[in-house]
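Going by the working numbering, the first residue of the sequence shown is number 81, and it counts up by one from there. Backbone N, C-alpha and C define an ideal beta-carbon position, used for all residues, glycine too. In this text, all values refer to a predicted model and were calculated from it rather than measured experimentally. Read the structure below first, then the notes.
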Amino acid sequence: SFKLFLELEHEVREAIFKFCEAKYEVCLKMLNKIKPILLLDMYIGSHINQLYSDIRSKAMIQYFCPYDSADLRKMALSFNTPLPDLENELMQLILDGHIKARIDSINKVSLIVLDFQIFIVKKYMVYT
Numbered sequence: 081s082f083k084l085f086l087e088l089e090h091e092v093r094e095a096i097f098k099f100c101e102a103k104y105e106v107c108l109k110m111l112n113k114i115k116p117i118l119l120l121d122m123y124i125g126s127h128i129n130q131l132y133s134d135i136r137s138k139a140m141i142q143y144f145c146p147y148d149s150a151d152l153r154k155m156a157l158s159f160n161t162p163l164p165d166l167e168n169e170l171m172q173l174i175l176d177g178h179i180k181a182r183i184d185s186i187n188k189v190s191l192i193v194l195d196f197q198i199f200i201v202k203k204y205m206v207y208t
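What follows is the structure in structure tokens.
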């Protein structure tokens, strides 16, 4: 099973735990540390760059979940990336529809519009 595989790959298991704990900077650093080894693997090597991109995107999406707004400067520190690069990544996630948000480039704050909050309010109003 996959759990047995994780027992053999301690670094991968630790990176997954850090991802689940929302410690994205540590997770991404750990993944970057083992990336050269994974690139040499004949089965997964050709998929690594896409996997890393997907993991990073998922981390950014999860970063926003509990917030109505987020400070991009703090987020750039959390993802260990320069602010302009982070803005470009977020812009692509917004354009692709993965994050419903607007970026305030002047104040470096991303304003989030959460659709599920509207759904919860409507659902509550129907049942009461």
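- Per the coordinates, the alpha-carbon of Ser133 lies some 16 Å from the alpha-carbon of Ser158.
- If you look at Ile128, you'll find it in the alpha helix (DSSP H) that goes Ile128 to Phe144.
- By the neighbour-count criterion, in which 16 or more other beta carbons inside 10 Å mark a residue as buried, Ile179 falls on the buried side.
- When secondary structure is reduced to three states using DSSP, Asp151 falls in the strand class.
- Proximity of the region 163-180 to the region 121-132 falls short of the contact definition, fewer than three beta-carbon pairs being nearer than 8 Å.
- When the five nearest sequence neighbours on each side are left out, the beta carbons in the same chain lying within less than 7 Å of the beta carbon of Ile124 are those of Leu118, in order along the chain.
- Burial is judged here by how many other beta carbons sit within 10 angstroms of a residue's own beta carbon; Met110 has at least 16 and is buried.
- Burial is judged here by how many other beta carbons sit within 10 angstroms of a residue's own beta carbon; Leu166 has at least 16 and is buried.
- One thing to note: Phe97 has its Cβ no nearer than 8 Å to the Cβ of Ala139.
- Distance check between Phe144 and each of Ala95, Glu94 and Ala181 places Ala181 closest, using alpha-carbon atoms only.
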